[in-house]
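In the working numbering, the protein residues as written are 1360 to 1487.
Everything on this sheet refers to the single structure shown next.
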Amino acid sequence: MNSIQMVGWPVVTVSFNRPASDDDARQWLVDLSGLLAREQPFSLIIQAKPNSEFSPEARRELGLWFKENRITLGAFCRGIARVVLSEEEGDRVVSDNMKKAMPFPMVSCLDFDQARDWAIERCHQTIA
């Protein structure tokens, strides 16, 4: 099993299964770029197992990618729903700073069904 798996369209589920290598993180950025290249609306559901983190180098590369792709992300990504184990985790991974940094809405959800319903609804909304 890959450390990062992406399945589905236009509601894309991203699963972080274990700590990602720098190569895994780079491949995820290639996969995200592929979503943007479709030039169609989509939303993401992110599930992360405990300790499925990125190295400092990978976090730097991810930050640069999100900064460079901010406008395109804002045009096509309708939002991210993070599946979390607790409200405290939700406050940490979908912080006010994270919400301000992203060009789309973000929410934390305590179960997958809630995240899926939100992502489906967001995916079908148009941007004014």
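Idealized CB from N, CA, C, for every residue including glycine.
- prompt: For the region 1442–1452 against the region 1467–1478, are there 3 or more C-beta pairs whose distance is under 8 Å?
  reply: Taking 8 Å as the limit for Cβ pairs, the verdict is that the region 1467–1478 does touch the region 1442–1452.
task: Pull up the distance between the alpha-carbon of D1476 and that of I1405, whole angstroms please.
output: Numbered from its first residue, the sequence shown carries residue 1476 at position 117. Numbered from its first residue, the sequence shown carries residue 1405 at position 46. Cα to Cα, the separation comes out at about 13 Å.
task: Just the C-alpha distance for A1396 and P1409, rounded to the nearest angstrom, thanks.
output: As a working mapping, residue 1396 is identified with position 37 in the sequence shown. As a working mapping, residue 1409 is identified with position 50 in the sequence shown. Whole-angstrom Cα-Cα distance: 31 Å.
query: Just how far apart, CA to CA, sit P1462 and E1447?
result: For the purposes of this step, residue 1462 is identified with residue 103 of the sequence shown, where counting begins at 1. For the purposes of this step, residue 1447 is identified with residue 88 of the sequence shown, where counting begins at 1. Roughly 23 Å between the two C-alpha positions.
task: Just the C-alpha distance for Q1484 and S1411, rounded to the nearest angstrom, thanks.
output: Reading the sequence shown from its first residue, position 125 is the one you call residue 1484. Reading the sequence shown from its first residue, position 52 is the one you call residue 1411. Roughly 31 Å separates the two Cα atoms.
query: Taking the beta strand (DSSP E) that F1401 falls in, what are its first and last residues?
result: In the sequence shown, residue 1401 corresponds to position 42, counting from 1. F1401 -> beta strand (DSSP E) spans F1401 to A1407.
message: Taking its Cβ as the centre, do 16 or more other Cβ atoms sit within 10 Å of R1419, making it buried, or is it exposed?
response: What you label residue 1419 is simply residue 60 of the sequence shown in a count that begins at 1. Label assigned to R1419: exposed.
Closest Cα partner of L1436 within the set I1479, D1383, P1415 and R1385: Locating residue 1436 in the sequence shown gives position 77, counting from the first residue. Looking at the sequence shown, residue 1436 is not Leu but Cys. Minimum Cα-Cα distance from C1436 among the listed residues I1479, D1383, P1415 and R1385 corresponds to I1479.
field: Simplified DSSP assignment, three categories, for A1379
entry: The residue you call residue 1379 lines up with position 20 of the sequence shown. Reduced to three states, the DSSP call for A1379 is coil.
task: Using a threshold of 8 Å, state whether the C-beta atoms of A1379 and S1402 are closer than that.
output: Stepping through the sequence shown from its first residue, residue 1379 is reached at position 20. Stepping through the sequence shown from its first residue, residue 1402 is reached at position 43. 8 Å or more divides the Cβ of A1379 from the Cβ of S1402.
query: Could you give the C-beta distance for F1413 and L1421, rounded to a whole number, given that I count them as a contact under 8 Å?
result: As a working note, residue 1413 is residue 54 in the sequence shown. As a working note, residue 1421 is residue 62 in the sequence shown. L1421 and F1413 do touch by the CB rule: their CB atoms are close to 7 Å apart, below 8 Å.
message: For a quick check, are the C-beta atoms of D1381 and E1427 less than 8 Å apart?
response: As a first step, residue 1381 must be located in the sequence shown, where it is residue number 22. As a first step, residue 1427 must be located in the sequence shown, where it is residue number 68. One thing to note: D1381 has its Cβ no nearer than 8 Å to the Cβ of E1427.
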